[in-house]
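Shown next, in structure tokens, is the structure this report addresses.
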Amino acid sequence: GEDVEQSLFLSVREGDSSVINCTYTDSSSTYLYWYKQEPGAGLQLLTYIFSNMDMKQDQRLTVLLNKKDKHLSLRIADTQTGDSAIYFCAESIDPGGYQKVTFGIGTKLQVIP
Amino acid sequence: GAVVSQHPSWVICKSGTSVKIECRSLDFQATTMFWYRQFPKQSLMLMATSNEGSKATYEQGVEKDKFLINHASLTLSTLTVTSAHPEDSSFYICSAPSPSYEQYFGPGTRLTVT
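Line by line, the protein sequences are chains Z and D.
Note that the numbering used here gives residue 14 to position 14 of the first sequence, counting from 1, and the numbers run on in steps of one.
Heads up: take any position in the second sequence, counting from 1, add 1000, and you land on the numbering used here.
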């Protein structure tokens, strides 16, 4: 079955880069996502990557995928206090998005001013 | 971009009563929607898949008679928590795949059962 793992907590100083890591077990995962959840709020899709890609960059966000090791990372450049939130790694095996999305437990990012 | 809304955003109810939560896709049609629940400091757990025009598919361990799902139209799915108890207090989130194959999530409904 699917399993997604990520570390629970990360603390960085404002202006530094943050790297949040994730591993998954399902080799048939097609879509890999990063979601952001601020306190008391729903999920915001930050970015996603197809399994046939190695890297995707979107402004301050860089996603790296090592399909061989089933390892996904999210790098946030020039981390700001507004980036403090919980970041969920997630995967789906269905490119149409009609299958369920399996989430990791979430990494709480704390940005120190 | 695609938007999914939920109503209400927060509800408090007495133990034993039923609560209905709505999930709407605002600018796209969704034949499938998903319902998740999230306990404090935990990840989202899929409860059920809501299918327009047919019965919902429930995940193992989720009581279908307690969590009634109705997907009456291509833009609306409802989750009714029947005979709610304090242990049902949680954050309920719905999602829908958009035409561009991204999963869009609603803002969530916080249910508190007293």
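Note that the Cβ used here is the ideal one computed from N, Cα and C, for glycine as well.
Determine the closest residue to residue i out of the options, with distance taken between C-alpha atoms.
i	options	result
residue 24/Z	112/Z, 36/Z, 51/Z and 113/Z	51/Z
residue 1042/D	37/Z, 113/Z and 44/Z	37/Z
residue 114/Z	42/Z, 73/Z and 72/Z	This structure gives no information on residue 114/Z, because the portion of chain Z shown stretches from 1 to 113.
residue 22/Z	28/Z, 77/Z and 3/Z	3/Z
residue 28/Z	110/Z, 109/Z, 106/Z and 91/Z	91/Z
residue 46/Z	71/Z, 32/Z, 16/Z and 100/Z	32/Z
residue 1008/D	1075/D, 1020/D and 1038/D	1020/D
residue 1113/D	1106/D, 1017/D, 1094/D and 1054/D	1017/D
residue 1028/D	1066/D, 1045/D, 1085/D and 1095/D	1095/D
residue 1050/D	1026/D, 1031/D and 1088/D	1031/D
How would you call residue i, buried or exposed, if buried means at least 16 neighbouring beta carbons within 10 angstroms?
i	result
residue 1091/D	buried
residue 1111/D	buried
residue 104/Z	buried
residue 1097/D	buried
residue 112/Z	exposed
residue 9/Z	exposed
residue 59/Z	exposed
residue 143/Z	What is shown of chain Z runs 1 to 113, which leaves residue 143/Z out entirely.
residue 76/Z	buried
Could you name the residues of chain Z that residue i contacts, counting a contact when the two beta carbons are closer than 8 Å?
i	result
residue 1107/D	41 and 42
residue 1034/D	100 and 101
residue 1049/D	100
Can you find a C-beta in chain Z that's less than 7 Å from the C-beta of residue i?
i	result
residue 1029/D	no
residue 1093/D	yes
residue 1026/D	no
residue 1046/D	yes
What does residue i reach in chain D if we use C-beta pairs closer than 7 Å?
i	result
residue 10/Z	None at all; the shortest Cβ gap to chain D is about 15 Å.
How would you list, in chain order, the residues of chain Z whose beta-carbon sits under 9 Å from the beta-carbon of residue i?
i	result
residue 1102/D	31, 33, 45, 48 and 97
So with CB distances below 8 Å, who are the chain D contacts of residue i?
i	result
residue 104/Z	1043
Kindly indicate if chain D contains any beta-carbon less than 7 Å away from that of residue i.
i	result
residue 100/Z	yes
Next on the checklist: For a minimum of 3 consecutive residues, which ranges assigned as the beta strand (DSSP E) are wholly contained in the segment 1057 to 1082 of chain D?
Outcome noted: The segment 1057 to 1082 of chain D contains these whole beta strand (DSSP E) runs: 1067 to 1073 and 1076 to 1081.
Item to check | In chain order, each beta strand (DSSP E) run of at least 3 residues that lies wholly inside the segment 20 to 87 of chain Z | outcome: 31 to 37, 43 to 50, 55 to 58, 61 to 66 and 71 to 76, all fully within the segment 20 to 87 of chain Z.
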